[in-house]
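A.B. asks: Heads up: the sequence shown runs through residues 37 to 403, numbered per my numbering.
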Amino acid sequence: MRSILTAVAILFSILVAQAQITISNSTFIAAGDTLRIARAGNPEDVQAGPAGTNLNWDFTALYKDTALVVLVKDAASGNAASDFPTAEVFQDIGFGETYFNITSSAVTNLGFLTNGFAGVPVMITPKYNPPLVEKRAPMSYFDVNTSDASFLITFGTDIVPDTFFAGLPFKPDSIRVNQMIERLDVVDAWGSCSIPGGVYPVLRERRRSITETTIELKIFGLWVDLGSLGISFPGVGKDTTVAYHYFSADEKEAIAVVTVNPDDESETQTVQYKDNGISSTIQPEPLGQVLFQGPQPATQLVRFDLSPLRHPADLVIMNHQGQVVLARSGQSGWIDIAVDQLIPGMYVYQVREEGRLRESGQVIIQH
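#1: Measure the alpha-carbon distance for Pro348 versus Gly257 and round it to whole angstroms.
#2: Taking the C-alpha atoms as reference points, what is the distance between Glu287 and Gly234?
#3: Check whether the segment 199 to 219 and the segment 72 to 91 touch, using three or more Cβ-Cβ pairs below 8 Å as the test.
#4: May I ask you to report which of helix, strand or coil DSSP gives Ala66?
#5: Could you tell me the boundaries of the beta strand (DSSP E) in which Ala225 lies?
#6: Whole beta strand (DSSP E) runs in the segment 258 to 293 with 3 or more residues, listed along the chain?
#7: Between the segment 332 to 347 and the segment 371 to 379, are three or more C-beta pairs nearer than 8 Å?
#8: Whose C-beta lies closer than 6 Å to the C-beta of Val106 among residues of the same chain, with five residues either side of it excluded?
#9: Using 8 Å as the threshold, is the C-beta distance between Leu327 and Leu342 below it?
#10: Strictly by DSSP, which residues pair up with Ala74?
#11: In whole angstroms, what is the alpha-carbon distance linking Gly85 and Ser302?
#12: What does the alpha-carbon distance come out to for the pair Asp261 and Leu253?
#13: The ligand ATP and Ile379: does the residue's C-beta get closer than 7 Å to at least one heavy atom of that ligand?
#14: Over the uninterrupted beta strand (DSSP E) stretch that includes Gly397, give me the two end residues.
#15: Using alpha carbons as the reference points, say which of Ala67, Glu170, Asn145 lies closest to Ala112.
#16: Identify which residue in Val82, Asn61, Val143 has its Cα closest to the Cα of Arg294.
#17: If you count every other CB in all the chains shown that lies within 10 Å of the CB of Val384, and 16 or more means buried, which is it?
#18: In terms of alpha-carbon separation, which member of Asn214, Leu104, Phe283 lies closest to Thr250?
#19: In whole angstroms, what separates the C-alpha of Thr89 from that of Trp226?
#20: Pick from Met382, Ala285, Gln402: whose alpha carbon is nearest that of Thr102?
#21: Can you tell me whether DSSP reads Asp372 as helix, strand or coil?
#22: Using only alpha-carbon positions, find the residue among Ser228, Ile291, Gly273 that is nearest to Ile246.
#23: Using the C-alpha atoms, what's the distance from Leu204 back to Asp110?
#24: Measure the C-alpha to C-alpha separation of Leu345 and Pro232 and round it to an integer number of angstroms.
#25: Excluding five sequence neighbours on each side, which residues of the same chain lie with their C-beta closer than 6 Å to the C-beta of Glu241?
#26: Is it right to say Thr161 is buried, meaning 16 or more other beta carbons lie within 10 angstroms of its own, or is it exposed?
#27: Going straight from the alpha carbon of Gln56 to that of Trp93, what length do you get?
#28: Between Ala173, Gly397, Phe148, Arg394, which lies nearest to Ala163 when the distance is taken from Cα to Cα?
#29: If distances are taken between C-alpha atoms only, which option among Asn297, Arg219, Gly330 comes closest to Arg30?
#30: Grouping DSSP H, G and I as helix and E and B as strand, with all else coil, what is Asp350?
#31: Tell me whether Asp194 is buried or exposed, calling it buried when 16 or more other Cβ atoms sit within 10 Å of its Cβ.
#32: Is the distance from the Cβ of Ser230 to the Cβ of Thr144 below 8 Å?
#33: Suppose you measure from the CA of Ile59 to the CA of Ser183; what does that come to, to the nearest Å?
#34: Find out if the Cβ-Cβ distance for the pair Lys100, Asp311 is shorter than 8 Å.
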C-alpha cells in the first residue's frame with residue numbers, strides 16, 4: 037500500500053512539474069529593450085485571489101488609464117553612469133533614470149537619478165546597499181526568498197530651494213535621507229493570465245515589502261528627525277505594501293502587477309499590465325469637455341473644471357509608482373489644486389464621479 041501511495045505522489049509531482057512554467061534569465065532586461073506598460077483605470081474590477089495551482093486569472097476587463105514607455109539603455113550612456121560603475125543598463129522613463137546590475141541569476145536595482153525624492157526637491161542619486169532585487173532566475177513554483185535593501189544619502193542645504201524650509205526658525209546645515217526595505221517573496225501560484233491583447237502561462241510571485249523612509253536635518257551639529265518637528269512629506273514614514281507579480285517565461289515586462297491593501301487583500305489598489313496596444317471593451321464614458329484645464333507643466337497649482345459632471349467628484353494624483361500623493365473628495369465646479377509641495381516629475385491624475393472614472397491623464401510638475 038505504501039509503495040502505491042509513493043508512486044501516486046511521484047506521478048502527481050511529475051504532472052505538476054510538467055504543467056507549471058519556470059522563468060529563466062532570458063526574460064531579464066537588456067540594452068535596446070522597450071518596455072510598454074499600461075495602468076488600469078478600473079483596478080477595483082480585479083482581485084489577485086488565493087494561492088494555488090493551474091489557476092486562471094481573467095484581467096481582460098482592464099482598460100488603459102495611462103501608458104508608460106520605458107527605454108532600456110546601456111549604462112555608460114546615462115547621466116549618472118559614473119555614480120553606478122557596476123551597472124550594465126539603466127531604464128529611462130523620461131523623468132528619471134534607474135540603474136541595474138545584471139547577472140545570470142538576478143536583476144538588481146543599484147539606485148536611481150531623480151530630481152526629487154521623499155519631498156526633497158533636489159537632484160540626487162541614492163545608491164542601494166545592498167541592491168534591491170527586481171527579478172530572479174530560475175524562478176519556480178513555491179520559491180521563497182527574503183531580501184533587504186537600503187540607502188543613505190546626505191547633501192548640503194545650499195542646493196535645496198529655501199521654500200523647502202518655510203516654517204522653520206532657521207536653515208539647517210545638511211539633509212540626510214535614509215530608506216530601508218525588507219521584502220518577502222513567495223511564488224505562491226501558477227496558471228494562465230489573460231490581459232487585453234494576450235493570454236500567458238505565468239508564475240505569480242507575492243511580494244510583501246516593509247519600507248521605512250526618514251528625513252533628518254543637521255542642526256547645530258546634531259541630526260534631528262523631521263517627523264519629530266511635526267513636519268510630514270509624502271513617502272516619509274513606515275509603509276507596508278503587498279503586490280502580486282505575474283511573470284511569463286517569454287516576456288520582459290510583468291504580465292500584470294496587482295497591488296492590494298495589505299490589511300484587506302480583497303481590496304485592489306492599483307494594477308499595471310503589459311501594454312499590447314489593445315483596449316478593453318469596457319471604457320469610461322466619454323465627456324464632451326476636458327476636465328483638466330492645466331497648466332502643463334504645472335508649477336504651483338493645477339485647475340479642473342468639474343461643471344460638466346452631475347455629481348460631486350473625487351480627484352486623486354498618483355506618482356509613477358501608483359501611490360496616491362494627493363486626494364480631494366466631493367469636488368464640484370472650478371477647483372484649483374496646489375501642487376507646490378509635490379516633487380518635480382510626471383504624475384497621473386484621475387477624476388471619478390460616483391466611483392466611475394470620468395477622466396485621467398498625465399500632469400508634469402516643475403518648480
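A virtual CB, placed ideally from N, CA and C, is assigned to each residue, including glycine. All values derive from a computational prediction rather than experimental measurement.
C.D. replies: To lay it out plainly:
#1: 50 Å
#2: 11 Å
#3: no
#4: coil
#5: 210 to 231
#6: 258 to 261, 273 to 284
#7: yes
#8: Leu71, Gln127, Ile129
#9: yes
#10: Ala103, Tyr309
#11: 8 Å
#12: 6 Å
#13: As far as ligands go, the structure on display features none, and thus does not contain the ligand ATP.
#14: 392 to 401
#15: Ala67
#16: Note that residue 294 is Val in the sequence shown here, rather than Arg. Of Val82, Asn61, Val143, the residue nearest in Cα terms is Val82.
#17: buried
#18: Asn214
#19: 5 Å
#20: Met382
#21: strand
#22: Gly273
#23: 43 Å
#24: 29 Å
#25: Asp221, Val223, His281
#26: buried
#27: 15 Å
#28: Per the sequence shown, residue 163 should be read as Lys rather than Ala. The candidate whose alpha carbon is nearest that of Lys163 is Phe148.
#29: Residue coverage of the chain in this structure runs from 37 to 403, which leaves residue 30 outside it and unanswerable.
#30: strand
#31: exposed
#32: no
#33: 19 Å
#34: yes
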